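Engineer:
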Amino acid sequence: MTTALPHRFLTPEDLVEMFELPSVETVYQWRRKRTGPRGFRVGRHLRFDPEDVRAWVDSQLGEAAA
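For the sequence shown, position 45 (counting from the first letter as 1) is numbered 529 according to our numbering, and the numbering increases by one without interruption.
(1) Who are the Cβ neighbours of Thr510 in its own chain at under 8 Å, not counting the five residues just before and after it?
(2) By a C-beta neighbour count over all protein chains shown, 10 Å radius and 16 as the cutoff for buried, is Val526 buried or exposed?
(3) Is Leu505 closer than 7 Å to Pro554 when the C-beta atoms are compared?
(4) Does the Cβ of Arg532 have 16 or more other Cβ atoms within 10 Å, making it buried, or fewer, making it exposed?
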């Protein structure tokens, strides 16, 4: 990610756009498998803190370098 993250909580659709994922189902699969960024529910809506997304990306980059 070379662009700055928004200053709001992110939706699964935001992650699809940012990471050019095939569909929002990928984000939900990550959540089920506990492999994606940490998310939380607001009612029935899934949201992601931009800082958690950044930390997850950094951890992925660290694993790729190892």
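We put the beta carbon where it would ideally sit given N, CA and C, even for glycine. This one's a predicted model, so the numbers in the text were calculated from it and none came from an experiment.
Structural biologist: In brief:
(1) Translated into the one-based positions of the sequence shown, residue 510 becomes position 26. Counting only residues of its own chain and dropping the five nearest sequence neighbours on each side, Thr510 has a CB closer than 8 Å to the CB of Val500.
(2) In the sequence shown, residue 526 corresponds to position 42, counting from 1. It counts as exposed.
(3) An answer regarding residue 554 cannot be provided, because it is not within the stretch 485 to 550 covered by the chain.
(4) Translated into positions along the sequence shown, residue 532 becomes position 48. Note that residue 532 is Phe in the sequence shown here, rather than Arg. Buried: at least 16 other Cβ atoms inside 10 Å.
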